[in-house]
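For reference, the structure is listed below as structure tokens.
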Amino acid sequence: MQKLDRNWTDLLQELRVLQTGIQILTGFLLTLPFQQRFTTLTPLQTWLYLALVVLSVLVTAVLMSTVVMHRSYFQLRIKQDLVRNSDLLLRWTLLLVGLILLGTVGLVFDLVLGGWAAAVSAVLAAAVLAGLWIVLPLTSRRRALRRGEQGDAGDTRAPG
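Okay, here's the thing in structure tokens:
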């Protein structure tokens with residue numbers, strides 16, 4: 001039970017970080033139509049903007065669904081299901097946040113410098129996100145697991 005409590009606390013901390021970032025990004029997106037230059041968007045830029053707003057609202061809904069689950073699971077002694085489902089929702093949230101970040105970078109670069117700059121900036125941002133969100137965690141995890149296996153093999157003390 002203590003492990004589930006720790007996992008739930010960790011998930012809550014991650015959700016708080018994401019929530020703040022999404023609120024800022026959503027606020028940024030929602031202010032764009034009130035800028036003078038917004039009227040000069042091409043149809044493609046307008047559709048990209050609208051897709052980003054929809055994704056932003058979807059991310060907010062997914063994030064808030066963890067709160068809804070917590071409320072609906074409250075005092076039912078099914079924390080394991082809550083942690084498992086919240087973990088899944090958090091993974092989907094990260095995927096959607098990545099798409100929003102890439103789309104926002106692409107839109108801003110397209111508005112400022114044009115199409116090629118948008119494509120290059122989105123590809124570079126995707127490479128950075130893949131490196132930080134996939135490659136680095138997997139590499140670090142593998143190293144830590146290898147160190148743990150080596151430490152276990154060399155440990156002759158009795159457990160406990």
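Just so you know, the UniProt record's numbering puts 6 at position 6 of the sequence shown, and the rest follows in order with no gaps. We put the beta carbon where it would ideally sit given N, CA and C, even for glycine. Small disclaimer: the values here were computed from a predicted structure and weren't measured.
Next item on the list: Pick out whichever of THR26, ARG6, LEU12 and ASP10 has its Cα sitting closest to the Cα of ILE100.
Entry: THR26
Checklist line | ILE22 burial status per 10 Å Cβ neighbour count (16 or more: buried) | finding: buried
Notebook entry, point to check: For THR42, which three-state DSSP category applies?
Noted result: coil
Next item on the list: With a threshold of 16 other CB atoms inside 10 Å of the CB of ASP110, please say whether the residue is buried or exposed.
Entry: buried
Next item on the list: Return the CA-CA distance between residue 167 and ALA126, expressed in angstroms with no decimal places.
Entry: One cannot answer for residue 167 here, as it falls past the ends of the chain, which runs 1 to 160.
Check: Between THR60 and the rest of its own chain, which residues show a CB-CB distance below 7 angstroms, the 5 nearest in sequence each way excluded?
Finding: ILE22 and THR26
Margin query: Tell me the DSSP secondary structure of PHE74 in three-state form.
Written below: coil
Margin query: Just verifying my parser: in three-state terms, what is the DSSP assignment at LEU113?
Written below: Looking at LEU113 - three-state DSSP - the assignment turns out to be coil, as it is neither helix nor strand.
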